[in-house]
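*Asks:* Counting in the numbering used here, the sequence shown runs from -19 upward without gaps. Dumping the structure here so I can ask a few things about it.
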Amino acid sequence: MTLTVSLLDYGAGNVRSVRNAITSCGYSIIDITSPSQIDQADVIIFPGVGSYESAMTVLQTTGYDNALRAYLAADRPYLGICLGMQTLFESSTEYKDDQSSELPGLGVIPGHVIKFDETKRSVPHIGWNGTIAHQSSPAMKYIKDHNGDEVYFVHSYYAPITDANSKWVLTRTTYEGQEYISSVQKGNVCATQFHPEKSGKTGLNFLKGFLESVEDGTLSNTTPIAVNPTDHTELVKRVVVALDVRSNDNGDLVVTKGDQYDVREKDDDAVTGRGGVRNLGKPVSLAARYYDEGADEIAFLNITSFRQGVIEDMPMLQVLEEASKSIFVPLTVGGGIRSYTDPESGKVYSALEVASRYFRAGADKISIGSDAVYAAEDYYASGGKKTGETSLETISHRYGVQAVVVSIDPKRVYVASPECVDKKHTVVSLDESQAGPNGERYCWYQCTVKGGREAKDICAVSVAKASEALGAGEIMLNCIDMDGQCNGFDHALMTAVSTAVTIPVIASSGAGKESHFSDVFKATKVQAALAAGMFHRKEVEIGNVKKHMEASGIRARIV
Ligand code: 1PR
């Protein structure tokens, strides 16, 4: 193949997966490092990540904006991804936090990018959704009927379809009643709101179709398709797999899994009653298996990161680098995302620096545990003031809220009545089957830090709300009582948190059979559900979970 892809990477986030996806389609890459290279490119891919403001600022200060306008005006081959599509429009309100100011974009496509109404739906729009084709394009040649299987979106802002831009629309998508442009094409200029590099085999097929048609000069052979205006798409519920990773007693990095966060075998040692760290496999090969089996997302959690700093944690960085070579669904990494001082050199690393290492290694999202609890405590203690300095704020400001997950590790505190509890904690009522050891029919969910080792005087609902205010884009909601028990998710906890925030919630802890997923999706507002042990032990297959969901009337991404 002679075509070389010119990649516009302005250093704002994880473009490793875009690189890996292009390479896996058989093409080589050259990095654009100066505006003069733009005119010489065969094809440009612009994977915009982070915020609109930071993307446009970089384009303007480097002089890429005018070079790009000239390139696009000459109808040269181009693929913008996510922000790489949004910046093609006239402006965006993703600017200055007040929704009334607009920041100009490249102005190639008529229209303005605006925020989803969060009073009507969870924002960001995160996950797998369908597309409805308005044109047939050679870029879609490997995608069934031009209307693809679901593809992966992660964004809070969208471009509405208007009379002025309707000829640009390649596909549209619906997010809970809101139609928007999910991809555009005119001539050789193409762009997607979704992430082909994170959309599994469908995304790779799109990228392959696009690059092959650039190479053979057919890309611009598009034809309009008659569209049915009442057709719509739906965000599917996600099935997530978590890999709790740590070193075992031999120093090997393994995937482990605990019962209520205790990851050691119970009875190896006759004296202590505690054994070695459970070893359920190797992180990269296990994650690759889950990708093949249809996991919608994969989370790696470094569960002993409170002991050492992650900057030196080369094995975990290598896990991400390796995993992102062959896994094209979103990867989250958690554990140790906080500022820390290297005890040997005395050097201080900010949480943003730690997160940046992980993003560069291939993570799409980072997950913050303990540090989010400390930040929430400070937030309430100061009467709800934002300092702009917490890990949540600094990382979401730089990489966008959609890249920041907060992982909460609460445990139940049973009480006889709601009056026994400090008013700042949210109390839930329990049915008989969930009653406490003394028959208590109420509980509140006390947050812990350091992997459940230390309890704090703050509840899960409070941490979730503060996290949302400080810049989290998603909540991963564990429950120490249910972890590893295979009795199903804690619906009371999931309801309490998912009704208190507008960002998506991932239910975690307790899944033991297919129906537990369908149950939590039916009973609560969570958008995703996560399991670990039952998949690691091969007791349940991801495909069967999804079949059960579909049979129960819950849309899933069937691979
Ligand atoms: O506090 O920012 O360093 O983050 C530490 C991260 O490590 C947090 O996300 C925390 O949840 C996680 N973690 C710490 N210790 C443990 C442990 O198990 N000893 N694992 C731990 C948490 C919870 C889930 C688990 C589900 C599903 N694991 O990831 O996979 O409960 O399990 P199941 O389906 O088998 O029931 P920081």
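Note that CB positions come from ideal geometry on N, CA and C, so glycine has one too. None of these values were measured; they are calculated from a predicted model.
For a test of the three-state rule: what should DSSP assign to K95, helix, strand or coil?
*Replies:* To locate residue 95, count along the sequence shown from 1; it is residue 115. K95: strand per DSSP, three-state reduction.
*Asks:* Residue range of the beta strand (DSSP E) that D437 falls in?
*Replies:* Here residue 437 refers to the residue found at position 457 of the sequence shown. Where D437 is concerned, the enclosing beta strand (DSSP E) stretches over 434 to 439.
*Asks:* Tell me whether M462 sits in a helix, a strand or coil according to DSSP, three-state version.
*Replies:* One-based indexing of the sequence shown puts residue 462 at position 482. Three-state DSSP puts M462 in coil, outside helix and strand.
*Asks:* At a threshold of 7 Å, does M296 count as lining the ligand 1PR (C-beta to nearest heavy atom)?
*Replies:* Sequence index remark: in the sequence shown, residue 296 carries index 316 (1-based). Outside the cutoff, so no.
*Asks:* Would a C-beta distance cut-off of 8 Å place V169 and D55 closer than the cut-off?
*Replies:* Start at 1 with the first residue of the sequence shown, and residue 169 comes out as number 189. Start at 1 with the first residue of the sequence shown, and residue 55 comes out as number 75. The answer is yes: Cβ separation under 8 Å.
*Asks:* Taking C-beta to C-beta, are H135 and C62 nearer than 8 Å?
*Replies:* For this step, residue 135 is matched to residue 155 along the sequence shown. For this step, residue 62 is matched to residue 82 along the sequence shown. In this structure, C62 lies closer than 8 Å to H135 by Cβ.
*Asks:* Please list the terminal residues of the continuous beta strand (DSSP E) segment that includes N109.
*Replies:* Within the sequence shown, residue 109 is the residue found at index 129, counting from 1. Counting along the chain, the beta strand (DSSP E) containing N109 begins and ends at 105 to 109.
*Asks:* Compute every distance between the C-beta of N540 and the non-hydrogen atoms of the ligand 1PR, then say whether any falls below 7 Å.
*Replies:* No information on residue 540 is available, as it lies outside the stretch -19 to 539 that the chain covers here.
*Asks:* Around the Cβ of C543, are there at least 16 other Cβ atoms within 10 angstroms (buried) or fewer (exposed)?
*Replies:* Nothing about residue 543 can be reported from this structure: the residues present for the chain run from -19 to 539 only.
*Asks:* Taking a contact to mean a Cβ-Cβ separation below 8 Å, would you say V235 touches A509 in this structure?
*Replies:* Your numbering for residue 235 matches position 255 in the sequence shown. Your numbering for residue 509 matches position 529 in the sequence shown. Contact: no.
*Asks:* Within the same chain, show all residues whose beta-carbon is closer than 7 Å to that of A361, passing over the 5 residues directly before and after it, in chain order.
*Replies:* Here the question's residue 361 lines up with position 381 in the sequence shown. For A361, where only same-chain residues beyond five positions count, there are no Cβ hits under 7 Å.
*Asks:* In three-state terms, what does DSSP make of Q165?
*Replies:* Numbered from its first residue, the sequence shown carries residue 165 at position 185. Reduced to three states, the DSSP call for Q165 is strand.
*Asks:* Say the cut is 7 Å; is the CB of V328 nearer than that to a heavy atom of the ligand NAD?
*Replies:* No copy of the ligand NAD appears in this structure; the ligands present are the ligand 1PR.
*Asks:* Measuring CB to CB, does E74 end up less than 8 Å from G87?
*Replies:* Here residue 74 corresponds to residue number 94 of the sequence shown, with the count starting at 1. Here residue 87 corresponds to residue number 107 of the sequence shown, with the count starting at 1. No.
*Asks:* So is N282 buried or exposed if we call it buried at 16+ other beta carbons inside 10 Å?
*Replies:* Reading the sequence shown from its first residue, position 302 is the one you call residue 282. N282 should be labelled buried.
*Asks:* Could you check what DSSP says for V353 in three-state terms: helix, strand or coil?
*Replies:* Looking up residue 353 in the sequence shown gives position 373. Correct three-state label for V353: helix.
*Asks:* Between the Cα of T154 and those of P209, P118, L187, spot the shortest distance and give me the residue it belongs to.
*Replies:* Translated into the one-based positions of the sequence shown, residue 154 becomes position 174. Of the candidates P209, P118, L187, the one whose C-alpha sits nearest the C-alpha of T154 is P209.
*Asks:* Within the present structure, is the beta-carbon of V384 separated from the nearest heavy atom of the ligand 1PR by less than 7 Å?
*Replies:* Residue numbering aside, residue 384 sits at position 404 when the sequence shown is read from its first letter. Not under cutoff, so the answer is no.
*Asks:* Is the distance from the Cβ of K262 to the Cβ of H516 below 8 Å?
*Replies:* Numbered from its first residue, the sequence shown carries residue 262 at position 282. Numbered from its first residue, the sequence shown carries residue 516 at position 536. No, the Cβ-Cβ distance between K262 and H516 is not below 8 Å.
*Asks:* The alpha helix (DSSP H) spanning K502 covers which residue range?
*Replies:* Counting from 1 along the sequence shown, the entry for residue 502 is found at position 522. Where K502 is concerned, the enclosing alpha helix (DSSP H) stretches over 494 to 503.
*Asks:* Just to check, is the beta-carbon of V429 closer than 7 Å to a non-hydrogen atom of the ligand 1PR?
*Replies:* Counted from its first residue, the sequence shown places residue 429 at position 449. It does: the Cβ of V429 is within 7 Å (strictly closer) of some heavy atom of the ligand 1PR.
*Asks:* State the start and end residues of the unbroken beta strand (DSSP E) segment that holds G157.
*Replies:* Taking the sequence shown and counting its residues from 1, the one referred to as residue 157 is at position 177. Neither: G157 is in no beta strand (DSSP E) and is coded neither H nor E.
*Asks:* Below 8 Å on the Cβ atoms is my guess for Q426 versus P390; work out the distance and round it to an integer in Å.
*Replies:* On the sequence shown, position 446 is the one that residue 426 refers to. On the sequence shown, position 410 is the one that residue 390 refers to. Confirmed, Cβ separation roughly 6 Å.
*Asks:* DSSP three-state call for V520: helix, strand or coil?
*Replies:* Translated into positions along the sequence shown, residue 520 becomes position 540. Coil.
*Asks:* I'd like to confirm something about I283: is its beta-carbon nearer than 7 Å to some heavy atom of the ligand 1PR, or not?
*Replies:* By one-based count along the sequence shown, residue 283 stands at place 303. Correct: I283 has its Cβ closer than 7 Å to the ligand 1PR.
*Asks:* Please indicate yes or no: does the CB of V542 lie closer than 7 Å to some heavy atom of the ligand 1PR?
*Replies:* The displayed coordinates of the chain run from -19 to 539. Any statement about residue 542 would go beyond what the structure contains.
*Asks:* Just to confirm my understanding: we take V(-2), look at its own chain, exclude 5 residues before and 5 after, and list those with CB closer than 6 Å. What are they?
*Replies:* Taking the first residue of the sequence shown as position 1, residue -2 is located at position 18. Same-chain partners within the cutoff: P27, E177.
*Asks:* Can you list, in chain order, the residues of its chain with a C-beta nearer than 7 Å to that of E521? Leave out the 5 residues immediately preceding and following it.
*Replies:* In the sequence shown, residue 521 corresponds to position 541, counting from 1. Answer for E521: E273, listed in chain order.
*Asks:* Are the region 355 to 371 and the region 299 to 309 in contact at 8 Å, needing three or more beta carbon pairs?
*Replies:* no
*Asks:* Could you tell me the distance, in whole angstroms, from the CA atom of H528 to the CA atom of V131?
*Replies:* The residue you call residue 528 lines up with position 548 of the sequence shown. The residue you call residue 131 lines up with position 151 of the sequence shown. Approximately 21 Å between the Cα atoms of the pair.
*Asks:* Reducing DSSP to helix, strand and coil, say where V219 ends up.
*Replies:* For the purposes of this step, residue 219 is identified with residue 239 of the sequence shown, where counting begins at 1. Three-state result, V219: strand.
*Asks:* Can you name, in chain order, every residue of its own chain whose Cβ lies under 6 Å from the Cβ of V23, other than the five neighbours on each side?
*Replies:* Numbered from 1 along the sequence shown, position 43 holds the residue referred to as residue 23. The residues are V(-15), P57, V194.
*Asks:* Since I believe G315 is in contact with V381 (beta carbons under 8 Å), could you give me their beta-carbon distance rounded to a whole number of angstroms?
*Replies:* The residue labelled residue 381 in the question sits at position 401 within the sequence shown. The residue labelled residue 315 in the question sits at position 335 within the sequence shown. About 20 Å; that fails the 8 Å criterion.
*Asks:* From the DSSP secondary-structure annotation, give me the bridge partner or partners of N282.
*Replies:* Taking the sequence shown and counting its residues from 1, one reaches residue 282 at position 302. Note: N282 sits in a beta bridge opposite V225.
*Asks:* Express the C-alpha separation of C439 and K403 in angstroms, rounding to a whole number.
*Replies:* Taking the sequence shown and counting its residues from 1, the one referred to as residue 403 is at position 423. Taking the sequence shown and counting its residues from 1, the one referred to as residue 439 is at position 459. Distance between the alpha carbons of K403 and C439: 11 Å.
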